[in-house]
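Peer 1: Counting along the sequence shown from 1, when you hit position 49 you're at 88 in my numbering, and nothing is skipped either side. C-beta atoms are modelled at their ideal positions from N, C-alpha and C, and glycine is treated no differently. Bear in mind the structure is a predicted one, so any value in this text is a computation, not a measurement.
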Amino acid sequence: MATSVLPSTKMLASIKMLFANVLDFALPPRCAGCAGCAEIIDEVDGFCAECWVTLDWLGNGGCQRCGMPLEATDAELCGRCLAAPPPLDRMRAAVAYGPLSRVIALKLKYGRKIALARTMARYMAPLRGSDEDAILVPVPLHRRRLWWRGFNQSGLVAKQLGAQWQLPVDQHLLRRVRPTPPLKGMNETQRRTAVRGAFVTVDGRRIEGRTVILIDDVLTTGSTAAACAKALRKAGAGRVELISWARVVRPSLLMR
Ligand SMILES: [Zn+2]
Ligand SMILES: [Zn+2]
40 MATSVLPSTK MLASIKMLFA NVLDFALPPR CAGCAGCAEI IDEVDGFCAE CWVTLDWLGN
100 GGCQRCGMPL EATDAELCGR CLAAPPPLDR MRAAVAYGPL SRVIALKLKY GRKIALARTM
160 ARYMAPLRGS DEDAILVPVP LHRRRLWWRG FNQSGLVAKQ LGAQWQLPVD QHLLRRVRPT
220 PPLKGMNETQ RRTAVRGAFV TVDGRRIEGR TVILIDDVLT TGSTAAACAK ALRKAGAGRV
280 ELISWARVVR PSLLMR
């Protein structure tokens, strides 16, 4: 029997992918922030000068534990961490949650602009702690949400960071066993109750005594991250850290 000369679906998909990659190199890099003008910039996965200045970069400063900008410059820890240390040993975010950082997160999550995971990872990469043997775990979605969306946005960012840092990424270790309601508008106690018991680990042996770096897109009050950290600690994690793209920061703490 003569073999078909028509390319298979799989072959077509790889041709498409090849062209997409070629286009990535052939086209000049565009700003990840400008929706309309898509300004051309010098480096890939970056922002133009105009977008750059609207972002509040947080970096590695602030409270040594939670990363929040500090009111007193000579302090190492913020008042909250001194009063009651959070279940996370170290938290960092690239930028404060604001109009542009929000759009970037939403475009990745709902607009399927997958390349934005690279942009986020690029600016989250310098925030890595010193542990050489850490394991990366994205904050998981409930399986129903994952099914609807088709991907976990934090998982995509974790993959990029894992490749850059050459650290393993485990997408299955932590599971969200029940869907959690939107936490917006809830006070801290309500949030804590809403996420209690929502996360479990699948096989604790892999993290016994190790540092786990949680990867998230947006950090609001940290209740979700705290629930994840508790589950990871219960499974034997030696240390739990978190690195996110954006985090909600009180405007008075941001210096302009
Ligand atoms: Zn721009
Ligand atoms: Zn703190």
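1. Look up M217 in the DSSP assignment and say whether it is helix, strand or coil.
2. If you follow the beta strand (DSSP E) that W284 is part of, which residue opens it and which one closes it?
3. Does ligand 1 have a heavy atom nearer than 7 angstroms to the CB of C73?
4. Give me the Cα-Cα distance between G243 and G275, rounded to the nearest whole angstrom.
5. For the stretch 190-201 and the stretch 165-180, state whether three or more C-beta atom pairs, one from each stretch, are separated by less than 8 angstroms.
6. Just the C-alpha distance for L271 and A173, rounded to the nearest angstrom, thanks.
7. I'd like to confirm something about A82: is its beta-carbon nearer than 7 angstroms to some heavy atom of ligand 1, or not?
8. Would you tell me roughly how many angstroms separate the C-alpha atoms of Y149 and L139, rounded to the nearest one?
9. For G201, which residues in the same chain have their Cβ closer than 6 angstroms to its Cβ, ignoring the five residues on either side in sequence?
10. Decide yes or no for the touch test of the stretch 116-130 against the stretch 259-269: beta carbon pairs closer than 8 angstroms, at least 3 of them.
11. Just tell me which of N99, A160 and V234 has its CA closest to the CA of S169.
12. In chain order, what residues of the same chain have a beta carbon less than 7 angstroms from the beta carbon of L166, not counting five sequence neighbours either side?
13. Near M300, which residues of its chain fall below 8 angstroms by C-beta distance, leaving aside the five closest residues on each side in sequence?
14. Is S291 helix, strand or coil by DSSP?
15. Within 10 angstroms of its Cβ, does S43 collect 16 or more other Cβ (buried), or is it exposed?
16. Would you mind stating whether D84 and T158 have Cβ atoms separated by less than 8 angstroms?
17. Where does E227 fall in DSSP's three states?
18. Tell me whether L116, by its Cβ, gets closer than 7 angstroms to a heavy atom of ligand 2.
19. Out of C102, T260, G106 and W186, state which residue places its alpha-carbon closest to the alpha-carbon of E115.
20. Leaving out the 5 sequence neighbours to the left and right, which residues in its chain are closer than 8 angstroms to T260 when beta-carbon positions are compared?
21. Let me check one thing: in DSSP terms, what residues is D255 bridge-paired to?
22. Could you work out which residue in R141, L213 and D113 is closest to I246 when comparing CA atoms only?
23. What is the DSSP secondary structure of T260, reduced to helix, strand or coil?
24. A88: buried (16+ other C-beta within 10 angstroms of its C-beta) or exposed?
25. So, is V279 buried or exposed, given that buried needs 16 or more other C-beta atoms within 10 angstroms?
26. On the DSSP bridge assignment, give the partners of E247 in chain order.
27. Just checking my contact of L155 with A71 at CB under 8 angstroms: how many whole Å lie between their CB atoms?
Peer 2: To lay it out plainly:
1. By one-based count along the sequence shown, residue 217 stands at place 178. The sequence as given places Arg at residue 217; Met does not occur at that position. Here R217 sits in coil by DSSP.
2. Locating residue 284 in the sequence shown gives position 245, where the first residue counts as 1. Per DSSP, W284 belongs to the beta strand (DSSP E) from R278 to R286.
3. Within the sequence shown, the letter at position 34 stands for residue 73. At least one heavy atom of ligand 1 is nearer than 7 angstroms to the Cβ of C73, so yes.
4. Position 204 of the sequence shown, counted from the start, is the residue given in the question as residue 243. Position 236 of the sequence shown, counted from the start, is the residue given in the question as residue 275. If you take the alpha carbons of G243 and G275, they lie about 6 angstroms apart.
5. Judged by Cβ distances under 8 angstroms, the stretch 190-201 makes contact with the stretch 165-180, as three or more pairs qualify.
6. Position 232 of the sequence shown, counted from the first residue, corresponds to residue 271. Position 134 of the sequence shown, counted from the first residue, corresponds to residue 173. Near 13 angstroms, if we compare the C-alpha coordinates of A173 and L271.
7. Position 43 of the sequence shown, counting from 1, holds the residue named residue 82. Reading off the sequence shown, one finds Glu at residue 82, where the question assumed Ala. For E82, the shortest separation between its Cβ and any heavy atom of ligand 1 does not lie below 7 angstroms.
8. As a first step, residue 149 must be located in the sequence shown, where it is residue number 110. As a first step, residue 139 must be located in the sequence shown, where it is residue number 100. Whole-angstrom Cα-Cα distance: 15 angstroms.
9. Position 162 of the sequence shown, counting from 1, holds the residue named residue 201. These residues qualify, in order along the chain: L175 and V208.
10. Judged by Cβ distances under 8 angstroms, the stretch 116-130 makes contact with the stretch 259-269, as three or more pairs qualify.
11. On the sequence shown, residue 169 is found 130 positions in, with the first residue counted as 1. Among N99, A160 and V234, the Cα nearest to that of S169 belongs to N99.
12. Stepping through the sequence shown from its first residue, residue 166 is reached at position 127. Exclusion of the five residues before and after L166 leaves N99, R131, A133 and I282 as the residues of its chain whose Cβ lies within less than 7 angstroms of its Cβ.
13. Within the shown structure, residues of the chain are numbered from 40 to 295, placing residue 300 beyond reach of any answer.
14. Here the question's residue 291 lines up with position 252 in the sequence shown. In the three-state DSSP reduction, S291 falls in the helix class (H, G or I).
15. Translated into the one-based positions of the sequence shown, residue 43 becomes position 4. Residue placement at S43 is flagged as unreliable, the pLDDT there being 48, under the threshold of 50; the coordinate-derived value follows with that caveat. S43 should be labelled exposed.
16. Here residue 84 refers to the residue found at position 45 when the sequence shown is read from its first residue. Here residue 158 refers to the residue found at position 119 when the sequence shown is read from its first residue. Remark: C-beta atoms of D84 and T158 approach each other more closely than 8 angstroms.
17. What you label residue 227 is simply residue 188 of the sequence shown in a count that begins at 1. Helix.
18. Your numbering for residue 116 matches position 77 in the sequence shown. Yes - ligand 2 has a heavy atom lying nearer than 7 angstroms to the Cβ of L116.
19. Here residue 115 refers to the residue found at position 76 of the sequence shown. Out of C102, T260, G106 and W186, C102 has the C-alpha closest to the C-alpha of E115.
20. Stepping through the sequence shown from its first residue, residue 260 is reached at position 221. Closer than 8 angstroms at Cβ, skipping near neighbours: L222, E227, R230 and V287.
21. Walking along the sequence shown from the start, residue 255 turns up at place 216. Answer by DSSP bridge pairing, in chain order: S283.
22. Numbered from 1 along the sequence shown, position 207 holds the residue referred to as residue 246. Checking every option, the nearest Cα to that of I246 belongs to L213.
23. Here the question's residue 260 lines up with position 221 in the sequence shown. Coil.
24. For the purposes of this step, residue 88 is taken as residue 49 along the sequence shown, with counting starting at 1. By the neighbour-count rule (16 or more Cβ atoms within 10 Å), A88 is not buried but exposed.
25. To locate residue 279, count along the sequence shown from 1; it is residue 240. Residue burial is scored here from C-beta neighbours: V279 has at least 16 other C-beta atoms within 10 angstroms and is therefore classed as buried.
26. Taking the sequence shown and counting its residues from 1, one reaches residue 247 at position 208. Beta-bridge annotation (DSSP): E247 is paired with A276.
27. In the sequence shown, counting from the first residue as 1, residue 155 sits at position 116. In the sequence shown, counting from the first residue as 1, residue 71 sits at position 32. Between the beta-carbon of L155 and that of A71 there is about 6 angstroms, and that keeps the pair under the 8 angstroms contact cut.
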